[in-house]
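According to this note's numbering, the residues represented by the sequence shown are 15 to 293, in order. All C-beta atoms, glycine included, are put in the ideal place defined by N, C-alpha and C. Note that the coordinates shown come from a computational prediction; the quantities given were computed from them, not determined experimentally.
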Amino acid sequence: MNRLQRVKDTPMRLTGKTALITGATGGLGQAIARTLAAHDTRTVLTGRDTAVLAELAAELNGQVVTADITNDDDIAQLMRQAGPIDILIANAGVTAPGPLTHYTLDDIDTVLDVNLRAPMRMARLAVEQMTARGTGHLVFMSALGGRIAVPRMALYCATKHGLRGFAHAIRADLAPRGVGVSVICPIFVRDAGMVTRLPSPLPSYFPTCTAQQVADAVCQAIRDDTAEVVVAPWYVRQFTRLAGVSPAIPVQLHRLVRSARHAQAACDGLARRQTSHLL
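Structural data, given as structure tokens:
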């Protein structure tokens, strides 16, 4: 994993803290919640699957707050019911794979609402209470697609690039006020999210990470106040650095690499099944 810069001199202890986790019913959200609970962090959970949410809360002795994070009133109510929180983990998201033409204008609004607007709105409310206390931490779940442009993932990449930029900007604003901000950029998570819904499994040579690796990165980023963690094999991290210098590199590589053709077909197949029910 690759880590970028640390601002706070004193690490944040997870024990006894309260963390609000969005998207807690997905595989990644569950891994994050369980890992935080293992560090004696109190969890406040919200997600789409109410049955999974109830089971997870019972397992972790956590609090459940149901909310539609695309609705401003629900977000405000969620923050009120969660009470004072020390950590906000904006993990909820939709993937939106496939060509842009697969998506309606309403679909585009939905992806923007879930992936970008909701985390920004929640951060706005959380920052008020955190800065008043002079402590707190915000974690935003971006992706490798938030660092490089991935073909067949334009809508998703747009939201994840935006979220990453937002996180780094407010990190600079909030550092003098005792509030840390981290952004996590995992590669495809092989046991959670989109990869588990692909029509066919990714080939063994396709680089991935696990939900537990991402969860561990989240906890470490909070403790160390790390600006950014890229959860991916070392050679993928090096590639993202090159792509940052020349945005044309991913496009050229996409034409050459055999695994990219597999990923394109998989994304297109998933997109055809997914566009009618993004949420």
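Query, Result
"Distance CB(V193)-CB(G150) smaller than 8 angstroms", "yes"
"Buried versus exposed, by CB contacts within 10 Å (16 or more), T55", "buried"
"According to DSSP, residues forming a beta bridge with F154", "A104, V197"
"Exposure label - R272; buried when at least 16 CB within 10 Å", "With a pLDDT of only 48 at R272, under 50, the local geometry of the prediction cannot be trusted, and no value is derived from it."
"Beta-carbon gap between T224 and I201 smaller than 8 angstroms", "no"
"Terminal residues of the alpha helix (DSSP H) in which R161 lies", "No alpha helix (DSSP H) holds R161; DSSP gives it neither H nor E."
"As assigned by DSSP and simplified to three states, the class of R56", "strand"
"Selected residue, minimal CA-CA separation from A172, among Q234, R191, I184, T109", "T109"
"Cβ pair G61, T32 closer than 8 angstroms", "no"
"Bounding residues of the alpha helix (DSSP H) (the contiguous stretch that carries A172)", "168-188"
"Identified DSSP bridge partners for A47", "Per DSSP, none; premise fails for A47."
"Inter-residue spacing [alpha-carbon to alpha-carbon] between A104 and I35", "6 angstroms"
"Close Cβ partners of D100 (< 6 angstroms) along its chain, the five nearest in sequence each way excluded", "K31, T32, G150"
"Straight-line gap, Q91 to S218 (C-alpha atoms, nearest Å)", "44 angstroms"
"Burial state of Q44, where buried means 16 or more other Cβ atoms lie within 10 Å", "buried"
"Three-state class that DSSP yields for A81 in the structure shown", "coil"
"Any 3 or more C-beta pairs closer than 8 angstroms across the segment 231-238 and the segment 46-55", "yes"
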